[in-house]
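Every letter in the sequence shown is one number past the one before it in my numbering, and letter 34, counting from 1, is 34.
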Amino acid sequence: MMGPRDQQSYGDEPPASSRRGVKVLIITAVLALIAGGGAFAFYQADPLHMFGEEPQAAEALPADALFYLGVDMDPTASQKIKALQFLNHFPAFREEADVDEDTDVRDRLFSEALAETGCEGVSYEDTMKPWLGEKFGMAVMKPADGESDPDVVVALEVTDEAKADEQLSKLEGCSESDDAEFGFAFVGDYALLAETTELADGFASDAADNSLADSGEFQADMESLGDLGVATLWVDVKGSLDVATSEILGRGDDMENQLDFLEAQYQRVAATFRFESDAVEIVTTVYGDSVDISHDENQIVTLPDSSVMALSQAGGAARLDASWADIKELGEAEGVDFEQELADFEAESGFSLPDDLETILGDNIMFVADAEGLTSEALESEQFDAVNAGIRFTGDAEAQKALYDEVLQLLGAEGGMPLTTLEAEDGFVLATNDSYAETLKDLGGDLGGSEAFTSVIEDAESKEVVFYFNWDLVEDQVIDAVSDDPEAAENIKPLRAVGITVDIDGDYTSIVTKISVND
């Protein structure tokens, strides 16, 4: 480990500031990257092919980090090619980004960061490129003793430590901006940049003794994400809540109870962002007190392939039964007299909870809209029977129909949308017309085998919750709606489908969001 020593200057050194610098040279660039949001901003900074076979920035950051962002700017990575192939489907990206497979976007990123220092005679080519590697990471650390604000540390891969020491020392000495002040130290193949040299030295020492990459929890969370992609995030939710100030979260017994509940349910969160040539995918996993349930295959795969939107939950009754105690605990944590509120509701409505809600959710519940009849004219004229849409309940058909009748009686016969009801052998159907009610009763479609569906959802039958939206089937209607904005229309056309799945495996809840485009 080596900290900055004899400082050299590119220009006149300004007076030292008495306050701690809030931004480090590279932190400025990283935060600007995050603030940009979305695939475009991530890509313009080229955070590509996160966590390949070689060591990553997590090995240079302390194990007690509260938040971690890791990226790999390797310009030869396959993820870069896939990202370009995906993003080039969109005219806005092609016209604005001005990047190709040979672009060294580190130049763009760090040139902007260097400009923030106020130093003269600095450039990416001379100041950064001779020693800068391809990987970097950022971590948010617990506040130092006596401080209330967390500290931020950045890890930059170093290919030549002597050159890095020389150039970083010069930058440290010549900065004209309090917000660009920083200190640095080295650990392994990385330079750590923090608000002060003392902090950087401490973080380097801590990482050498016990790095984030050495943490069993961190390793398990990364494994839960599967193949890691262009950028990976990790958050110690419990640790973050423990250090959060009362000014941020509020005060009082109710807040303390809510925090205790959150810390148990959502202890850690991890996410990765990866590209395919025709899709982008975000995988998020949450570690906490979750409960596995047994459920039948998700029935969304048996819908017609003309379905434009579908939301399906398998095992809803079992999930509610497993979660009811947590729902009650959360209500009480918020200061609600749960039992009294429940008793009042049951007395007023005649329904029994959670039993009746479990009946409704049953073995499977689906909300569906079909492309057939889904025209602007039909929607504007409120001719809803011309649109194919409905709800398919799978479970106790007789009990579900009885509950529906009770709801109608409670609401009154007038003023509601006319719906067709139909009992199936294994459930109950509500639909906008007779024909579509029969379709939902039979469930003989092959949505699960359609190309659009499989472009965004894998193994749908095994998932607890599945959401699907087919952009192609409503492209004309959407483009008509934005006809006064040709640029927006052109960037909508490439979209194909969106899929979201939620599933629980052991202590991990996995949420996968995927967007596909047309080649």
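Beta carbons are placed, not taken as given, at the ideal position from N, Cα and C, and that holds for glycine.
Quick caveat: nothing in here was measured; it's all calculated off a predicted structure.
List the endpoints of the continuous beta strand (DSSP E) containing residue i.
i, result
"E157", "151 to 158"
"D236", "231 to 236"
"G118", "Premise fails: G118 is in no beta strand (DSSP E) and is neither H nor E."
"V187", "183 to 187"
Given that a residue counts as buried once 16 or more other Cβ atoms are within 10 Å of its Cβ, and exposed if not, what is residue i?
i, result
"R268", "buried"
"R94", "exposed"
"T439", "buried"
"A57", "buried"
"Q400", "buried"
"D72", "buried"
"D344", "exposed"
"P494", "buried"
"D98", "exposed"
"A92", "exposed"
"S450", "buried"
"Q79", "buried"
"A60", "buried"
"E195", "buried"
"L410", "exposed"
"E380", "exposed"
"I327", "exposed"
"A431", "buried"
"A325", "exposed"
"Q167", "buried"
"N364", "buried"
"D100", "exposed"
"D160", "exposed"
"S462", "exposed"
Based on DSSP bridge pairs, tell me the residues matched to residue i.
i, result
"M366", "S312, R392"
"P62", "S211"
"E266", "A quick correction: the sequence has Tyr, not Glu, at residue 266. According to DSSP, which records beta bridges pairwise, Y266 is partnered with nothing at all."
"D505", "Y508"
"M141", "D151"
"I282", "F273, T513"
"E223", "DSSP lists no partner for E223."
"F469", "M309, V498"
"K135", "D72"
"A191", "L156, F186"
"L422", "V429"
Report the CB separation of residue i from residue j in whole angstroms; it is logged as a contact under 8 Å.
i, j, result
"N388", "E406", "The Cβ separation is near 27 Å, so there is no contact."
"L69", "S240", "About 14 Å separates the two Cβ atoms, so there is no contact after all."
"A460", "N298", "6 Å"
"I492", "V478", "6 Å"
"W131", "V158", "6 Å"
"S483", "A497", "Not a contact, Cβ separation roughly 23 Å."
"V465", "Q313", "5 Å"
"V286", "A369", "With 8 Å as the limit, V286 and A369 do not qualify as a contact, their Cβ atoms being about 29 Å apart."
"D305", "G444", "D305 to G444, Cβ: 11 Å. No contact."
"V512", "V283", "5 Å"
"L114", "T127", "6 Å"
"D278", "D472", "About 13 Å; that fails the 8 Å criterion."
"L408", "L357", "17 Å between Cβ atoms; not a contact."
"A200", "L192", "5 Å"
"D292", "I500", "About 20 Å separates the two Cβ atoms, so there is no contact after all."
"D206", "P62", "4 Å"
In this structure, does DSSP put residue i in helix, strand or coil?
i, result
"K514", "strand"
"G499", "strand"
"P486", "helix"
"E276", "strand"
"S307", "strand"
"I34", "Because the pLDDT of I34 is 34, which lies under 50, any placement of that residue in the model is unreliable, and the question is left without a value."
"T432", "coil"
"G427", "strand"
"F67", "strand"
Can you tell me where the alpha helix (DSSP H) with residue i in it begins and where it stops?
i, result
"L403", "397 to 411"
"Y124", "First-last for Y124: undefined, no H or E at that position."
"L361", "355 to 361"
"L168", "161 to 174"
"L342", "338 to 349"
"T454", "451 to 454"
"Q299", "Element bounds for Q299: n/a, residue is neither H nor E."
"P91", "91 to 97"
"Q477", "475 to 481"
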